[in-house]
Amino acid sequence: AHKAQLLQYLQVTSQTEYSVVSSTAFFANKVEHESRHCNGKGLQRQGSSSFDRVYTANQNCGHAYPTFLAVLWCAGLLCSQAPAAFAGLMYLFVRQKYFVGYLGERTQSTPGYLFGKRIILFLFLMSVAGILNYYLIFFFGSDFEIHIKTITNAISPLLLIP
1 AHKAQLLQYL QVTSQTEYSV VSSTAFFANK VEHESRHCNG KGLQRQGSSS FDRVYTANQN
61 CGHAYPTFLA VLWCAGLLCS QAPAAFAGLM YLFVRQKYFV GYLGERTQST PGYLFGKRII
121 LFLFLMSVAG ILNYYLIFFF GSDFEIHIKT ITNAISPLLL IP
């Protein structure tokens, strides 16, 4: 049963990673388009403020993805797969909202940024809970996995509240 759950989680996370790749490609395409639109030439860093906003948003998203993938995998493998996958998909939606908000005024990107931080924190806390449960089993023989999964399943829908 555990092997089937792991395979199911790997399938969901691989789909999430494909979504990450496609959103990164979308962001990079947007940067290239804005660069060509502003300069008429290839990719150059000098340009209008719209190019700077697109470039900065792309860089910010690119810098956040390694952290996201690390905590997503840790939360899913160490704690519970379903809430981790749900949080991962929510994070991709939030990053899209952040990027599109960044294209407008910079204050429009703030809700997406804060929402993304909350999701990363949730995934990190799931990872910590899984690690603590492992040590509780190892040292004391107490397994709280069922309780942790119940709590994370109950808390994950709260991520939808802005």
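Mind the numbering: the sequence shown is residues 1 to 162 in the numbering used here, read in order.
No residue lacks a Cβ here, since even glycine has one placed at the ideal position from N, Cα and C.
From a predicted model like this one, the values you see are computed outputs, not experimental measurements.
Enclosing alpha helix (DSSP H) for residue i [first to last residue]
{"i": "P162", "result": "That residue, P162, is in no alpha helix (DSSP H); it is neither H nor E in DSSP."}
{"i": "D52", "result": "S49 to L78"}
{"i": "Q96", "result": "Q81 to L103"}
{"i": "T152", "result": "E145 to I155"}
{"i": "S142", "result": "Counting along the chain, S142 falls outside any alpha helix (DSSP H), and DSSP gives it neither H nor E."}
Residue i classed as buried or exposed, judged by whether at least 16 other C-beta atoms fall within 10 angstroms
{"i": "I119", "result": "buried"}
{"i": "K117", "result": "exposed"}
{"i": "G104", "result": "exposed"}
{"i": "G141", "result": "exposed"}
{"i": "P66", "result": "exposed"}
{"i": "A154", "result": "exposed"}
{"i": "F68", "result": "buried"}
{"i": "F139", "result": "exposed"}
{"i": "K41", "result": "Note that K41 scores 49 on pLDDT, short of 50, meaning its location in the model is unreliable; the coordinates nonetheless yield the value given after this. Counting Cβ neighbours within 10 Å, K41 comes out exposed, since fewer than 16 surround it."}
{"i": "S127", "result": "buried"}
Beta-carbon contacts of residue i that lie in its chain and below 7 Å, excluding the five residues immediately before and after
{"i": "I151", "result": "none"}
{"i": "L123", "result": "V71, L72, A75, A84 and A87"}
{"i": "L77", "result": "none"}
Nearest residue (CA-CA) to residue i, options the options
{"i": "C61", "options": "K97, C79, N133 and G104", "result": "K97"}
{"i": "G112", "options": "Y55, C74 and A64", "result": "A64"}
{"i": "I161", "options": "V128, T107 and V94", "result": "V94"}
{"i": "S156", "options": "Q81, F68, L77 and F51", "result": "Q81"}
{"i": "Y134", "options": "F99, C79, L159 and M90", "result": "C79"}
{"i": "L159", "options": "E145, L92 and I131", "result": "L92"}
Sequence-distant residues of the same chain with beta carbon closer than 6 Å to residue i, five excluded per side
{"i": "D143", "result": "I137"}
{"i": "F115", "result": "V94"}
{"i": "S109", "result": "Y98, G101 and Y102"}
{"i": "H147", "result": "none"}
Any C-beta of chain D under 8 Å from that of residue i
{"i": "F99", "result": "The structure shown contains no chain D; it holds only a single protein chain."}
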